[in-house]
Structures are given as structure tokens and as C-alpha cells.
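Novice:
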Amino acid sequence: MSTTFRGDATDSSPLFRPLQVRSLTLENRIVMSPMTRTHSPGGVPGPDVADYYRRRAEGGTGLIVTEGVAIDHPTAVDHPDVPRLRGDPAVGGWRAVVDAVHGAGGRIIPQLWHVGPLWGAMSAVDPALGSMRPSGVWGTPGITSYSDDYIARAQVPTDPMTDHDIAMVLDAYARAAATALEAGFDGIAIHGGHGYLLDSFLWAGTNQRGDEWGGDLTRRTRFPAEVVKAIRAEVGAATPIVYRFSQHKQQDYTARIAETPEELGVILGALVEAGVDVLDASIRRFDLPAFEGSDLSLAGWAKKLTGITTMAVGSVGIGTSLRESRTRGAAPTVDNIGELERRLAADEFDLIAIGRLHLADPGLATTLRRGGPLPAFDRDRHESVLH
Ligand SMILES: Cc1cc2nc3c(=O)[nH]c(=O)nc-3n(C[C@H](O)[C@H](O)[C@H](O)COP(=O)(O)O)c2cc1C
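Numbering (this note's numbering), first residue to last: 678 to 1064.
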């Protein structure tokens, strides 16, 4: 099924207003959301990866955030086919990707990734060996898609991160950011959500430290903020930094880092002060209210609390969230573009990241400019793009 949501082409849609973030000029508000695709053998992105991203740039997407990319640390990412930002072959591969996207008029930034406690979730490596965890714990499993077998292995406690571990990881983030600029990327995205390393410092369920890296919310925010500062120091004032955060964790989709807007303000305020330019509020539906008593989305709250540029994400054009669509087959198409445009026009948030529809239709931005019809996302058909 497909949906035509607008009778004629229009450039007056708030989706097609340009935006400036530091040195980065975006032609429109449509962002390709980061999607891991294990398509880079040995961590090196090849010509097929360049083609994959080039097609989305040709399709008119304003900004591409790459799949999660491993920083230069031994336990950053456990899957051998996830791309890296270290070593000449990988940097050369990324340069070709960036050139292809720029050649098609697009903009692209890499999502720097350290999986932290979720080491071993994507491959058979032993989660108890080398996993970087603030307090040695994985977190209490709640609503999760992980297998019982993986959870049982991951529950084995590890040594909490030492000061040396913390220094090494900070350094690895800064190095990856420098390498990204060398490869020609237009900015830096940081994966700070979903229960991975940076998020595991924010979440009380994984950070039970009594030193300066743990304790109250301000102290739990310190490590993510230091990562941002280290990256800002490396990339200078012109380069935009995008930071993804989430309430939910893959260990437990109902977990939260902030129970109230005030708590969220403490976290986001520290990240902005450290140098973040764009807050990317990861949630399963862009229009879900984040806190009781208000219709404001998580991205809306991030903007209200900090005043900086924010990005929403989740279920644009799709009736089931990412988690629900893990079941096979076609997901229902839903016309929520009018609601998206209404929120953008009201400046509730500034950018919209779109994941699955970018798999279904590389020319998604052109489709949206034309007014539809919206592509239908079918997991059986479109995940082959990823694996
Ligand atoms: C196959 C797949 C892989 C993903 N990998 C990542 C990732 O590497 N980093 C990340 O921050 N989010 C990742 N996500 C989440 C998406 O960026 C996005 O937030 C989510 O799919 C919701 O957007 P959508 O409803 O438009 O698909 C992934 C999603 C999918 C479908």
C-alpha cells in the first residue's frame, strides 16, 4: 500500500527549508538516520558502501548520518563487518564514500560508536571479556529483544572501567573525530543512546560508581560531556557535533535517564556546554509525548530546555515502531507527514531523521518533495540492503 499525502509538488513545506549549523549548510531538514549494516568486511567500507550512500544523496536527502562506526579502541564494536575509523584502508574507503556523497551534492557525517556494555550482542565474542562498563554491570534486563542466551552470558559481572580505561576511550573518541575530518566528513555524530557506552554512564542502572564519574545526574553526565569536549578540542569551532541520546535502552526499553524535564535539562545542558550543536532525540515515534502533562516530543523538550537545534526521529510514514517491525513482512504505511510538517513549522524541532523509509526508497527526499506516494517498508525486502 502507498499513500499520496499532497496533491502537488511544493517547496513551501517546512521540510525543505535550509538550515545552517556551524560550517554546515543543509538544503533541507531530511536526515538519513544511522543504520548499522555490517557490510564492511574487516571494518573497511568498499565501493558498494559508497554507492549505497551516494544513492541517498542523489535522492536529495539533506544530511546522511552513517551507520555506527567503531572508534579506535579494541572493544568499541564486536562485529568484524562494522566499519571502523582507524587504519589507512578504512580511512581510504571512507574518503571514497564522502567523495561519492559530495559528488551527488550531499552532506555526510559518521556516527562514532563504542558499544560499552553491549559488547558481544552482535557476535559470539564473550561479553565478560573486555566489555567496557562503568560499574561492571550490564543492567537489569527488562523489555528487550536480546536472546536469553546472550543475556545470561552478559550478566556475568566484569571489572568496572579504571581511570586508565576512561582515559584510553576518551582519547579514542578524539582520534576518531580527527580521522573523520581527514576523510573529509562534514561533521561528527556521537552515539550516546540505546544503552551503549556513553548512555551507560548516564543510566543509574549501569553506573553505580562512587568516584567523580558516577553518583548524581551531574556526575553521571561527566564522561559523555568529557567525550564531547575532547572531540570539540580536536575538530575546532567550525565543525558541527550532533549527539544522539535516548531514554530507552536495549537492555530495557522502559528504562529512563530522566524522570522529569528538569532532570533532562541537567543532562542536555552539560552536553551543550561541552560543545554539542545538534541534539538528536532517539525515540520510536517522533510525535510521542516525552513527559506526562504535555504533548511535546523528546526533541521538542530538548529544544525547549536548551534552545539549540534538535532532531526528531521515529516511524515517519510507518505505522509500527522499529521494535514492533522486527516481525517479518510489510509494515503498514501511515501518512503522518502533515503532523511532521506541523511540528517543524511550529519550530518544535528543526530536523527529522528517517531510518527505514530510507531503505525502502533511496530517493525519499524527492518523493517527499513531490508529495508522495510514500514507499511501503517491508522488512523481508528492505533489510537485504543491510545484510
Ligand atoms: C537496521 C537498523 C539499524 C540501526 N542501526 C542504528 C545505529 O547504528 N545507530 C543508531 O543510533 N540507530 C540505529 N538504528 C535506529 C535508527 O537510526 C532509527 O532511530 C530508528 O530506525 C527509528 O527510525 P525509523 O522509524 O524512521 O526507522 C537502526 C535502525 C535500523 C532499522
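Just so you know, even glycine gets a beta-carbon here, dropped at the ideal spot from N, CA and C.
Could you tell me whether any non-hydrogen atom of ligand 1 is closer than 7 Å to the CB of ARG733?
Specialist: Numbered from 1 along the sequence shown, position 56 holds the residue referred to as residue 733. Flag unset: Cβ of ARG733 not near ligand 1.
Novice: CB of GLU744 to nearest heavy atom of ligand 1: below 7 Å?
Specialist: For the purposes of this step, residue 744 is taken as residue 67 along the sequence shown, with counting starting at 1. Checking the Cβ of GLU744 against ligand 1 gives yes.
Novice: Closest by CA to SER717, which one among ARG694, LEU806, ARG761 and TRP890?
Specialist: Counting from 1 along the sequence shown, the entry for residue 717 is found at position 40. Nearest option by C-alpha distance: ARG761.
Novice: Rounded to the nearest angstrom, what separates PRO966 and GLU704 at their Cα positions?
Specialist: On the sequence shown, residue 966 is found 289 positions in, with the first residue counted as 1. On the sequence shown, residue 704 is found 27 positions in, with the first residue counted as 1. Taking the straight line joining both Cα atoms gives about 28 Å.
Novice: Using CA coordinates, which residue listed in LEU1051, LEU1021 and PHE862 is at the minimum distance from GLY780?
Specialist: Numbered from 1 along the sequence shown, position 103 holds the residue referred to as residue 780. Out of LEU1051, LEU1021 and PHE862, PHE862 has the C-alpha closest to the C-alpha of GLY780.
Novice: Measuring only the C-alpha atoms, how far is LEU975 from GLY946?
Specialist: Here residue 975 refers to the residue found at position 298 of the sequence shown. Here residue 946 refers to the residue found at position 269 of the sequence shown. Rounded to the nearest angstrom, the two C-alpha atoms are 15 Å apart.
Novice: Between which residues of its own chain and ASP1055 is the CB-CB distance below 8 Å, once the five residues before and five after are set aside?
Specialist: In the sequence shown, counting from the first residue as 1, residue 1055 sits at position 378. Excluding sequence neighbours, ASP1055 sits near GLY1006, ALA1007, ALA1008 and ALA1037.
Novice: Quick check on GLU744: does DSSP put it in helix, strand or coil?
Specialist: Numbered from 1 along the sequence shown, position 67 holds the residue referred to as residue 744. The answer is strand: DSSP assigns GLU744 an E or B state.
Novice: Does the beta-carbon distance from VAL904 to ILE867 come in below 8 Å?
Specialist: Numbered from 1 along the sequence shown, position 227 holds the residue referred to as residue 904. Numbered from 1 along the sequence shown, position 190 holds the residue referred to as residue 867. In this structure, ILE867 lies closer than 8 Å to VAL904 by Cβ.
Novice: Using a threshold of 7 Å, is the CB atom of MET712 nearer than that to any non-hydrogen atom of ligand 1?
Specialist: Here residue 712 corresponds to residue number 35 of the sequence shown, with the count starting at 1. Yes, the Cβ of MET712 comes within 7 Å of a heavy atom of ligand 1.
Novice: Between ALA734 and the rest of its own chain, which residues show a CB-CB distance below 6 Å, the 5 nearest in sequence each way excluded?
Specialist: Numbered from its first residue, the sequence shown carries residue 734 at position 57. Counting only Cβ-Cβ distances below 6 Å, and skipping sequence neighbours, we find VAL778, ALA781 and GLY783.
Novice: For the alpha helix (DSSP H) that contains TRP815, what are its first and last residues?
Specialist: What you label residue 815 is simply residue 138 of the sequence shown in a count that begins at 1. Neither: TRP815 is in no alpha helix (DSSP H) and is coded neither H nor E.
Novice: Taking 7 Å as the cut-off, is the C-beta of LEU1034 nearer than that to any heavy atom in ligand 1?
Specialist: For the purposes of this step, residue 1034 is identified with residue 357 of the sequence shown, where counting begins at 1. True, at least one ligand heavy atom lies under 7 Å from that Cβ.
Novice: With 16 other CB atoms within 10 Å as the buried threshold, where does LEU806 fall?
Specialist: Reading the sequence shown from its first residue, position 129 is the one you call residue 806. LEU806 is exposed by the Cβ-count criterion.
Novice: Ignoring anything shorter than 4 residues, give me the alpha helix (DSSP H) runs that lie fully in the region 830-898, in order along the chain.
Specialist: Taken in chain order, the unbroken stretches of alpha helix (DSSP H) that lie wholly in the region 830-898 and span 4 residues or more are 840-859, 874-879 and 894-897.
Novice: Are the beta-carbon atoms of VAL943 and LEU973 separated by less than 8 Å?
Specialist: Sequence index remark: in the sequence shown, residue 943 carries index 266 (1-based). Sequence index remark: in the sequence shown, residue 973 carries index 296 (1-based). Taking 8 Å as the Cβ cut-off, VAL943 and LEU973 do not qualify as a contacting pair.
Novice: Using a Cβ-Cβ cut-off of 8 Å (strictly less than) and excluding sequence neighbours within five positions of SER689, which residues of its own chain qualify?
Specialist: Against the sequence shown, residue 689 aligns to sequence position 12. Result list for SER689: empty, nothing under 8 Å.
Novice: Consider the C-beta atom of SER800 and the heavy atoms of ligand 1; say whether any pair is separated by less than 7 Å.
Specialist: If you number the sequence shown from 1, residue 800 lands on position 123. SER800 Cβ: outside cutoff for every heavy atom of ligand 1.
Novice: Taking 8 Å as the cut-off, does the region 846-861 touch the region 925-943 (at least 3 CB pairs, one atom from each stretch)?
Specialist: no
Novice: On the CB-based measure, 16 or more other CB atoms within 10 Å of its CB, does ILE820 come out buried or exposed?
Specialist: Numbered from 1 along the sequence shown, position 143 holds the residue referred to as residue 820. It counts as exposed.
Novice: In three-state DSSP terms, what is ASP755?
Specialist: Start at 1 with the first residue of the sequence shown, and residue 755 comes out as number 78. Note: ASP755 maps to coil in three-state DSSP.
Novice: Nearest CA to the CA of SER959: which residue from LYS981, MET988, THR839 and ASP825?
Specialist: Residue numbering aside, residue 959 sits at position 282 when the sequence shown is read from its first letter. With distances taken between Cα atoms, SER959 lies closest to MET988.
Novice: Straight-line CA distance for PRO695 to GLY882?
Specialist: Reading the sequence shown from its first residue, position 18 is the one you call residue 695. Reading the sequence shown from its first residue, position 205 is the one you call residue 882. Approximately 40 Å, taken between the alpha carbons.
Novice: Relative to the alpha-carbon of GLU889, which residue among PRO766, THR839 and GLY764 has its alpha-carbon at the smallest distance?
Specialist: In the sequence shown, counting from the first residue as 1, residue 889 sits at position 212. Minimum Cα distance to GLU889 is reached at THR839.
Novice: Roughly how many angstroms separate the alpha carbons of HIS841 and GLY813, rounded to a whole number?
Specialist: Translated into the one-based positions of the sequence shown, residue 841 becomes position 164. Translated into the one-based positions of the sequence shown, residue 813 becomes position 136. The alpha-carbon atoms of HIS841 and GLY813 are separated by roughly 15 Å.
Novice: Just the Cα atoms here: how many angstroms apart are PHE878 and MET709?
Specialist: To locate residue 878, count along the sequence shown from 1; it is residue 201. To locate residue 709, count along the sequence shown from 1; it is residue 32. Per the coordinates, the alpha-carbon of PHE878 lies some 27 Å from the alpha-carbon of MET709.
Novice: Under a three-way DSSP split, which group does ASP803 fall into?
Specialist: Reading the sequence shown from its first residue, position 126 is the one you call residue 803. In the structure shown, ASP803 falls within a coil segment according to DSSP collapsed to helix, strand and coil.
Novice: Compare the beta carbon distance of LEU631 and ILE748 with 8 Å and say whether it is the shorter of the two.
Specialist: Residue 631 falls outside the range modelled here, since the chain spans only 678 to 1064, and no answer is possible.
Novice: What's the gap between the Cα of ASP803 and the Cα of SER824?
Specialist: Position 126 of the sequence shown holds residue 803. Position 147 of the sequence shown holds residue 824. Those two C-alpha atoms are separated by around 14 Å.
Novice: What residues in its chain sit with their C-beta under 8 Å from that of GLN697, if we drop five residues either side in the sequence?
Specialist: Looking up residue 697 in the sequence shown gives position 20. Around GLN697: LEU703.
Novice: Measuring alpha carbon to alpha carbon, tell me which residue in ALA1030, MET799, ASP728 and GLY769 is nearest ALA753.
Specialist: For the purposes of this step, residue 753 is taken as residue 76 along the sequence shown, with counting starting at 1. It is MET799 whose Cα lies nearest to the Cα of ALA753.
Novice: What residue range is occupied by the uninterrupted alpha helix (DSSP H) comprising ASP776?
Specialist: Within the sequence shown, residue 776 is the residue found at index 99, counting from 1. For ASP776, the enclosing alpha helix (DSSP H) covers residues 765-780.
Novice: Output the distance between the C-alpha atoms of ALA935 and PHE1026, rounded to the nearest integer angstrom.
Specialist: The count along the sequence shown starts at 1 and reaches residue 935 at position 258. The count along the sequence shown starts at 1 and reaches residue 1026 at position 349. Cα to Cα, ALA935 sits roughly 19 Å from PHE1026.
Novice: Is THR987 helix, strand or coil when you go by DSSP?
Specialist: Residue mapping note: residue 987 aligns to position 310 of the sequence shown, counting from 1. Per DSSP, reduced to three states, the secondary structure at THR987 is strand.
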